[in-house]
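> Okay, so the sequence shown: first residue is 213 according to our numbering, each after it adds one.
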Amino acid sequence: MDVQHAIKYTQWFMELLAIPHRYKRKFSTKKKLSSAVGLFVINVLIVWNISFRSIDMFTVVRDFDEKILLFAPWSFSVVINIKYMFMIFRGNDIMMIIEHIKIDWIEKKSPEEELIMVRNSQLCNRITLCFMVLMYVSGALYNFVIPFVLPILLHSKSNTSDRTPIFDGYDVFFNAQVSPIYEITFFFQVYVVTIGFSILIFMCHLTVVSVTHACGQIQIINYLIRYLIDDIIDINNIQNKISIIISRHIRVLSFVENVQKILLELCLLEMGASTVLICIDEYCFLKMLETNDIANMIPFGMLFVCLNFNILVLCYFSELLNSQFIEIGTESSMTEWYRFPQKIKSYLILIICMSQRSQKLTAGGIIDLSYGTYIQILKTGFTYFQMLRA
């Protein structure tokens, strides 16, 4: 496995979402133009989708239950658009992380180090692939299979000539039932849905690829510390090794600091959005259950799983990152440190002290992401759900 395989999903999503960056790279005019066009098209279509849904929800629909059902996809689209804005704002920082990962892969020094990095990279790719399947299947079920395929199967003998609505509010200003307006609108909706779920997947992937890479570097540091005692007789060699360990430790700390900066706003937005969306999703699911609408319960159930999985991934990898840093201190204290010269002991004490500092991902620098945070989000969402039912 090489570095390109390790970051293939990252680069693919950067291209798909046309996220601009200027980090140590000169682009051709054609590349700049295609990126600018892609950025413009994505933003225009997302705003187009939100605008039509807003007009329909706030001016056309009067029933409260219907408004809540429409509020779920509307708020989902708004959150996606805000996340995309933050990703564009952090484009250079994201590219810095990618370049950092590339350099670490180039500078690996032994088969053991490569094995550790490969193992963590494979874990990242598997999680990303699972999340892609889950999110894209959920999005396809909710936006296309249930609204378009199911009515055809259930009413195959119907003689009506009306086409299935693409999304609520798409025909507010014009007759979208006629061709080619209907086909063009449908194509735009497919593109918007694909981009929207890709934004969600990319945020999850960005967290996973960053944390798994950091964990790999920490495991390499632990490996070097574990075998530090082998050179106890050769003072010069042990000093070289301890300098490598310290420089790697500083490098991974710098990497994690950049990751935390990128995810600062995204995690805060994810916490607030997940709380609201989980609440609305539970309400919609209950309404479908009351009317025995089993077909529509399936996509709402899958979206509930996706929302939970998304925030759980953030909290799990935040805990994992922190525990891996603590393990550096544990590994240092478990060595036969009393056999080292006094100067080397001081270095190990410094490493132990640095490893005790919390390295969890934070939501806006306000709340540390942890299992407790995840439980609190679920509890808050359920509380709002009870208020909505009352």
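Idealized CB from N, CA, C, for every residue including glycine. Treat the numbers as computed from the prediction; the structure is a model and nothing was measured.
Mind checking whether L533 and V421 have CB atoms under 9 Å apart?
Position 321 of the sequence shown, counted from the start, is the residue given in the question as residue 533. Position 209 of the sequence shown, counted from the start, is the residue given in the question as residue 421. No, the Cβ-Cβ distance between L533 and V421 is not below 9 Å.
> Thinking C-beta only, is I432 closer than 9 Å to I313?
Mapped onto the sequence shown, residue 313 falls at position 101. Mapped onto the sequence shown, residue 432 falls at position 220. Going by C-beta atoms, I313 is not nearer than 9 Å to I432.
> Does M599 pass the burial test, meaning 16 or more other C-beta atoms within 10 Å, or should it be called exposed?
The residue labelled residue 599 in the question sits at position 387 within the sequence shown. By the 10 Å Cβ count, M599 comes out exposed.
> Does the beta-carbon of S558 have 16 or more other beta-carbons within 10 angstroms, so that it is buried, or is it exposed?
Your numbering for residue 558 matches position 346 in the sequence shown. S558 comes out exposed.
> Just tell me which of A230, S263, E324 has its CA closest to the CA of F301.
Indexing the sequence shown from 1 puts residue 301 at position 89. F301 has its Cα closest to that of A230, out of A230, S263, E324.
> Which of helix, strand or coil does DSSP assign to T574?
The residue labelled residue 574 in the question sits at position 362 within the sequence shown. Correct three-state label for T574: strand.
> Quick one: residues in its chain with C-beta nearer than 6 Å to the C-beta of F288, no 5 flanking neighbours on either side, listed in chain order?
Looking up residue 288 in the sequence shown gives position 76. Result list for F288: empty, nothing under 6 Å.
> Between S350, G428, I358, I474, which lies nearest to N304 when the distance is taken from Cα to Cα?
For the purposes of this step, residue 304 is taken as the residue at position 92 of the sequence shown. Comparing Cα positions, the closest option is I474.
> Would N337 and C416 qualify as a contact pair, given that the criterion is a beta-carbon distance under 9 Å?
For the purposes of this step, residue 337 is taken as the residue at position 125 of the sequence shown. For the purposes of this step, residue 416 is taken as the residue at position 204 of the sequence shown. Result no, Cβ atoms of N337 and C416 do not sit closer than 9 Å.
> Have a look at the DSSP bridge pairing and note the partners of I579.
Numbered from 1 along the sequence shown, position 367 holds the residue referred to as residue 579. DSSP lists A575 as partners of I579.
> When the Cα atoms are used, what is the spatial distance from V525 to I294?
The count along the sequence shown starts at 1 and reaches residue 525 at position 313. The count along the sequence shown starts at 1 and reaches residue 294 at position 82. Straight-line Cα distance between these residues: approximately 20 Å.
> Measure the C-alpha to C-alpha separation of F400 and S391 and round it to an integer number of angstroms.
Taking the sequence shown and counting its residues from 1, one reaches residue 400 at position 188. Taking the sequence shown and counting its residues from 1, one reaches residue 391 at position 179. Computed Cα separation, rounded: 14 Å.
> Per the contact definition of three or more C-beta pairs closer than 8 Å, is the stretch 568–577 in contact with the stretch 529–548?
A contact exists between the stretch 529–548 and the stretch 568–577.
> Just to confirm the assignment, what range does the alpha helix (DSSP H) spanning A248 have?
The residue you call residue 248 lines up with position 36 of the sequence shown. Where A248 is concerned, the enclosing alpha helix (DSSP H) stretches over 241–267.
> I need the boundaries of the alpha helix (DSSP H) containing S530, first residue and last residue.
Residue mapping note: residue 530 aligns to position 318 of the sequence shown, counting from 1. 506–546 is the extent of the alpha helix (DSSP H) around S530.
> Would you report the Cα separation of W549 and I462, rounded to the nearest angstrom?
Locating residue 549 in the sequence shown gives position 337, counting from the first residue. Locating residue 462 in the sequence shown gives position 250, counting from the first residue. Their backbone Cα atoms lie some 21 Å apart in a straight line.
> Which term fits F264, buried or exposed, when burial requires 16 or more other beta carbons within 10 angstroms of its beta carbon?
The count along the sequence shown starts at 1 and reaches residue 264 at position 52. Per the 10 Å Cβ criterion, buried.
> Would you report the Cα separation of F624 and Y394, rounded to the nearest angstrom?
Nothing about residue 624 can be reported from this structure: the residues present for the chain run from 213 to 602 only.
> For Y348, I'd like the list of residues in its chain whose CB is within less than 7 Å of its CB, leaving aside the five on either flank, ordered along the chain.
By one-based count along the sequence shown, residue 348 stands at place 136. Same-chain partners within the cutoff: F409.
> Three-state secondary structure (DSSP) at K279?
As a first step, residue 279 is located in the sequence shown; it is residue number 67 there, counting from the start. Helix, per DSSP.
> Measuring alpha carbon to alpha carbon, tell me which of I310, F225, L327, L480 ends up nearest F467.
Stepping through the sequence shown from its first residue, residue 467 is reached at position 255. For the residues I310, F225, L327, L480, the minimum Cα distance to F467 belongs to I310.
> Figure out for me which residue from V330, V402, N332 has the closest Cα to the Cα of A352.
Your numbering for residue 352 matches position 140 in the sequence shown. Cα-wise, what sits closest to A352 is V402.
> Does Y439 come out as helix, strand or coil in the three-state DSSP assignment?
Position 227 of the sequence shown, counted from the first residue, corresponds to residue 439. Of the three classes helix, strand and coil, the one that applies to Y439 here is coil, per DSSP.
> Which residues mark the beginning and the end of the alpha helix (DSSP H) in which A352 is found?
Numbered from 1 along the sequence shown, position 140 holds the residue referred to as residue 352. Note, A352: alpha helix (DSSP H), 323–352.
> Does the stretch 447–454 touch the stretch 326–336, meaning 3 or more C-beta pairs lie closer than 8 Å?
Short answer: they don't touch.
> May I ask which residues mark the beginning and end of the alpha helix (DSSP H) holding S567?
Reading the sequence shown from its first residue, position 355 is the one you call residue 567. S567 -> alpha helix (DSSP H) spans 554–567.
> Apply the 10 Å Cβ neighbour rule to N387 and answer buried if 16 or more other Cβ atoms are within range, or exposed otherwise.
For the purposes of this step, residue 387 is taken as the residue at position 175 of the sequence shown. Looking at its Cβ environment, which holds fewer than 16 other Cβ atoms inside 10 Å, N387 is exposed.
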